[in-house]
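Top to bottom, those sequences are chains A and B. Take 1 as the starting number for the first sequence in the numbering used here and just add one per residue. Take 142 as the starting number for the second sequence in the numbering used here and just add one per residue. In this text, a Cβ means the ideal position worked out from N, Cα and C, and glycines have one as well. If you're wondering where the values come from, they're calculated on a predicted model, not measured in any experiment.
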Amino acid sequence: MVDPAHKGKTFDPITYTFDRNKRDEFLIAIGESSPAYLQEGAPLPPTIITVVSFWGGEGLESALQQIGVDIWSVLHAEQEYEFHEPFYVGDTITGRTHVADIYERKGRSGELTFVIFETAFANQHGSPVVTGRSTIVVRGG
Amino acid sequence: MTLDFDSIDKGTELPELERGPLTELQFVRYAGASGDFNPIHVVPRVAQFVGLDGVIAHGMLVMAYATTMLTDWAGVGAVRRLKVRFSDTSHPGEELVCRGRVTGKETVDGENLVHGKLTVKGKADDSLKLKGDFTVVVGSR
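See below:
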């Protein structure tokens, strides 16, 4: 059970500056071999934005703890990204996350709690680059 | 490769993308690159403790494969929106197949947008790993 009163809760901003090393490490990790990503001025691969949520400070794990959820007990149910503008090596991306929704639904193994975290990612110029929505299922919620 | 907006229509199929066989080492690499160190992806004892057969792939790794299918087709920087629902877990040894199909297109503010649906399935047993909706922009950026 996750307290529905956490709906609307905001978290401390997270910030991450992308460099070539992180880009290259991520490309290898996802098996991405397109040379287009290595060209000068190329955008970063879309899903690398998740790095901000995990390496950018107290990210998702801390957000879960703050609403009383252990990361071991969750599954990632849905992920949505809207890409507003490309982002690049050298960009400093700031993410601001809030709890967009909390709801319960009957599953095969009883009540499941769904939590939707929405994060607005902006670059160092303040321009929105990505909006992310992560739906997390809390097992035995 | 440049896509021709006029030649794309409802029902157009994207070139399939295959990935795998998945390995434990890839999950470790993805954990480090993304910063998602949820132990169910990298520590077999923890995965078993929570009732899994063994470590499972990060959903975001599988989502990255689906994204590569989109960017191989439409170009890096083309993805405007991607929403996926994670279904079955993916395990070491599995091979995955990404497929996509166009459901519609429109021109908005001078931008040629193509909408579609995609899946990632296990090659051996056709298990659905994720399904999703996407929007890519064709012919700009």
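Report all residues from its chain with a CB closer than 7 Å to the CB of A/Leu27; omit the five preceding and five following residues, and keep chain order.
Tyr37 and Pro45
Continuous alpha helix (DSSP H) assignments of at least 4 residues falling wholly in the region 9-73 of chain A
20-29, 50-55 and 60-66
Contact the region 209-218 of chain B vs the region 239-259 of chain B: 3+ CB pairs below 8 Å
yes
Per DSSP, cross-strand counterpart(s) of A/Pro128
A/Ala122
For a contact meaning CB atoms closer than 8 Å, what does A/Phe121 contact in chain B?
Chain B residues near A/Phe121: none, gap ~14 Å exceeds 8 Å.
Euclidean distance between Cα positions of A/Thr10 and A/Arg96
8 Å
Ends of the alpha helix (DSSP H) at B/Phe190?
Pro185 to Phe190
Are B/Leu223 and B/Phe275 closer than 8 Å when you measure CB to CB?
yes
What is the rounded straight-line gap between the Cα of B/Glu252 and the Cα of B/Gly280?
8 Å
With DSSP collapsed to three states, give me the class of B/His232.
coil
B/Thr143 CB to nearest chain A CB: under 8 Å?
no
To the nearest whole angstrom, what separates the beta carbons of B/Val196 and B/Val183, a pair I think is in contact under 8 Å?
6 Å
Touching or not, the region 124-131 of chain A and the region 82-96 of chain A, by the rule of three or more beta carbon pairs under 8 Å?
yes
Roughly how far, in whole angstroms, is the beta-carbon of B/Arg226 from the beta-carbon of A/Ala100, given that I think they are within contact range, below 8 Å?
About 16 Å separates the two Cβ atoms, so there is no contact after all.
Listed by chain order, chain B residues near A/Val144 by CB distance under 7 Å:
Residue 144 of chain A lies beyond the range of chain A shown here (1 to 141); nothing can be said about it.
Distance, A/Ser53 Cα to B/Ile149 Cα
35 Å
Are A/Pro13 and A/Thr94 closer than 8 Å when you measure CB to CB?
yes
Would a check of beta-carbon distances place A/His76 closer than 8 Å to chain B?
yes
If we cut at 8 Å on Cβ distances, does B/Asn253 have a partner in chain A?
no
Where B/Phe227 meets chain A, residues with beta-carbon distance less than 8 Å:
Leu75, His76, Ala77, Glu78 and Gln79
Beta-carbon of B/Arg160 versus every beta-carbon of chain E: anything under 8 Å?
In summary, chain E is missing from the structure at hand, where the protein chains are A and B.
Distance between A/Glu25 and A/Thr17 (C-alpha atoms, nearest Å)
14 Å
Using a 10 Å radius around the Cβ and a threshold of 16 neighbouring Cβ atoms, would you call A/His125 buried or exposed?
exposed
What distance in whole Å lies between the Cβ atoms of A/Gln79 and B/Met201, which are believed to be in contact at a cut-off of 8 Å?
7 Å
Integer Cβ distance of B/His199 from B/Ser175, believed to fall under 8 Å:
7 Å
Is the Cβ of A/Phe54 closer than 8 Å to any Cβ of chain B?
yes
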